[in-house]
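As numbered in the numbering used here, residues 2 to 313 make up the sequence shown, in order.
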Amino acid sequence: MNLSFRQLVTFREVMRTGSISQAARALGRTQPAVSAMIAGLEDELGFRLFEREQGKLRPRPEARFFAEECDEILSRLEQTKRTLSGISKLEAGQLRIACHPAASGVFLPGVLTGFLADKPEIRVSLMMRSSVLIEDLIASQQFDVGFAETPAPRPSIRQTDFDLECVCAIPAGDPLAERAVIAPADLDGRNLAVLFAEHPVYAQTVKAFEEAGCGFAEKFELQTFMPGMRFVAAGLCYMICDMISAHSHIATRERDAPVVFRPFRPRIGSRVSILTPAHRPASQLAEAFCSALHARIDAMQAEMTAILGQPG
Numbered sequence: 002m003n004l005s006f007r008q009l010v011t012f013r014e015v016m017r018t019g020s021i022s023q024a025a026r027a028l029g030r031t032q033p034a035v036s037a038m039i040a041g042l043e044d045e046l047g048f049r050l051f052e053r054e055q056g057k058l059r060p061r062p063e064a065r066f067f068a069e070e071c072d073e074i075l076s077r078l079e080q081t082k083r084t085l086s087g088i089s090k091l092e093a094g095q096l097r098i099a100c101h102p103a104a105s106g107v108f109l110p111g112v113l114t115g116f117l118a119d120k121p122e123i124r125v126s127l128m129m130r131s132s133v134l135i136e137d138l139i140a141s142q143q144f145d146v147g148f149a150e151t152p153a154p155r156p157s158i159r160q161t162d163f164d165l166e167c168v169c170a171i172p173a174g175d176p177l178a179e180r181a182v183i184a185p186a187d188l189d190g191r192n193l194a195v196l197f198a199e200h201p202v203y204a205q206t207v208k209a210f211e212e213a214g215c216g217f218a219e220k221f222e223l224q225t226f227m228p229g230m231r232f233v234a235a236g237l238c239y240m241i242c243d244m245i246s247a248h249s250h251i252a253t254r255e256r257d258a259p260v261v262f263r264p265f266r267p268r269i270g271s272r273v274s275i276l277t278p279a280h281r282p283a284s285q286l287a288e289a290f291c292s293a294l295h296a297r298i299d300a301m302q303a304e305m306t307a308i309l310g311q312p313g
């Protein structure tokens, strides 16, 4: 059986109007064309749909049953058409995102908020995972987009890398806040909040202090930098943290946790990447979100550069 969409639409209109001529007018076709369409439909089905009595059509019981099926099929097709149209306009679909902890609380939700402002039908799954796990989730195609610390290249992942510089977090009102740039000598022997020892930022920070011959006084060991903002604000320590964490703290405008940020030299890098599966095409929605995320990262760097250039 090979039924066409046009046959179904024509049959539905004949059932609705009860007349070949009226159906033809409604569909903008000729009566012979509508009659031929119904005859072809009957041939395809293998039974008659209408009795023809004195120039009028009388639906047979089979026609009434088929009309219910026809309505369901056409309704489903029309819904599918609307859905596909929404997808093409980025108004419908699903986006699965895995994000590393430093960006999952403030930064990435902020990107999503702007991205979804005119897309009310988009469904989003946003999961916080470690960068190592995000790499595997993207490689295995379980998520559309990953935002994580930069992994080593692998064939199953496409990645766009960003080398962001770390900054020094200082208690508001601290004399060091008046400095334009902070160096290891400024923090010699002073209490620090740092990430766990296996993290690349920790290794770079230790190296900077060792090469400057300065004391590295580790007071707080952290999984992410965000909790350290409270310790810095309380005057318990200083912290050399990633730019995203600093930007997130500024964005939340925590009045009870006043912290200022200054450039730190020698430069300590914090590399992050946008990750997508390499072995399947990205959806239009995923591509659009990656573009929005890329633009927001660039904007965040520009904003932080302006802030870091304003001492005091």
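Even glycine gets a Cβ: it sits at the ideal position worked out from N, Cα and C.
Closest by C-alpha distance to residue i, when choosing among the options
| i | options | result |
| --- | --- | --- |
| C238 | C169, F290, R17 and P264 | C169 |
| E304 | S292, A24, P282 and I251 | I251 |
| F217 | N192, E79 and V15 | N192 |
| E63 | C71, L50 and E54 | L50 |
| S271 | A287, D299 and T151 | T151 |
| I241 | A234, Q224, R263 and R254 | R263 |
| G190 | A140, P172, P110 and E219 | E219 |
| V331 | G106, G147, P267 and V182 | Since the displayed the chain opens at 2 and closes at 313, residue 331 lies outside it and no answer follows. |
| F290 | R17, A103 and D119 | D119 |
| I275 | P185, F226 and R159 | R159 |
| I139 | S246, A287, A293 and H295 | A287 |
| V1 | H295, A279 and P60 | For residue 1 there is no data in the structure shown, the boundaries of the chain being 2 and 313. |
| I269 | T206, A234, F226 and M227 | T206 |
| T253 | V182, M227, R26 and R155 | M227 |
Endpoints, alpha helix (DSSP H) assigned at residue i
| i | result |
| --- | --- |
| C291 | Q285 to L309 |
| R7 | F6 to T18 |
| V233 | M227 to A234 |
| I251 | M244 to T253 |
| G41 | Q32 to L46 |
Closer than 6 Å: residue i CB and nearest the ligand ADP heavy atom
| i | result |
| --- | --- |
| P176 | Among the ligands in the structure shown, none appear at all, so the ligand ADP cannot be discussed. |
Rounded C-alpha distance that separates residue i from residue j
| i | j | result |
| --- | --- | --- |
| Q142 | M244 | 29 Å |
| Q95 | D299 | 25 Å |
| R297 | L117 | 14 Å |
| M128 | T114 | 15 Å |
| A307 | E73 | 59 Å |
| A37 | R65 | 20 Å |
| A213 | R97 | 45 Å |
| G313 | P282 | Low confidence applies here, because G313 scores a pLDDT of 42, under 50, leaving its location unreliable; read the following figure in that light. Answer to the nearest angstrom: the Cα atoms are 49 Å apart. |
| H248 | F108 | 8 Å |
| I88 | V260 | Because the pLDDT of I88 is 48, which lies under 50, any placement of that residue in the model is unreliable, and the number read from its coordinates should be weighed accordingly. Rounded to whole angstroms, I88 to V260 spans 43 Å at the Cα level. |
| M16 | I39 | 11 Å |
| D175 | D137 | 43 Å |
| C71 | R13 | 7 Å |
| S20 | P33 | 12 Å |
| E69 | L75 | 10 Å |
| V195 | I135 | 23 Å |
| R61 | S126 | 50 Å |
| R188 | C215 | Just to set this straight, residue 188 is Leu in the shown sequence, not Arg. Between L188 and C215, the C-alpha separation is close to 8 Å. |
| R155 | S292 | 22 Å |
| R59 | E43 | 14 Å |
| F221 | M230 | 11 Å |
Simplified DSSP assignment, three categories, for residue i
| i | result |
| --- | --- |
| K120 | coil |
| I158 | strand |
| V133 | helix |
| F108 | helix |
| V202 | helix |
| C169 | strand |
| G216 | coil |
| S141 | coil |
| A184 | coil |
| L237 | coil |
| G174 | coil |
| A153 | coil |
| D72 | helix |
| Q95 | strand |
| N3 | coil |
Per-residue burial, residue i [other beta carbons within 10 Å of its own, 16 or more giving buried]
| i | result |
| --- | --- |
| L309 | buried |
| V112 | buried |
| A149 | buried |
| L9 | buried |
| P110 | exposed |
| A209 | buried |
| A24 | buried |
| D145 | buried |
| G236 | exposed |
Boundaries (first-last residue) of the beta strand (DSSP E) holding residue i
| i | result |
| --- | --- |
| S271 | G270 to P278 |
| I21 | Unbroken run through I21 is the alpha helix (DSSP H), I21 to L28; no beta strand (DSSP E). |
| F265 | Taken as a continuous stretch (DSSP letters only), F265 belongs to no beta strand (DSSP E), as it is neither H nor E. |
| P60 | K57 to P60 |
| N192 | N192 to L196 |
| E179 | No beta strand (DSSP E) contains E179, which DSSP labels as neither H nor E. |
| R53 | F51 to E54 |
Within-7 Å CB hit, residue i to chain B
| i | result |
| --- | --- |
| E288 | The chain inventory of the structure shown lacks chain B, comprising one protein chain alone. |
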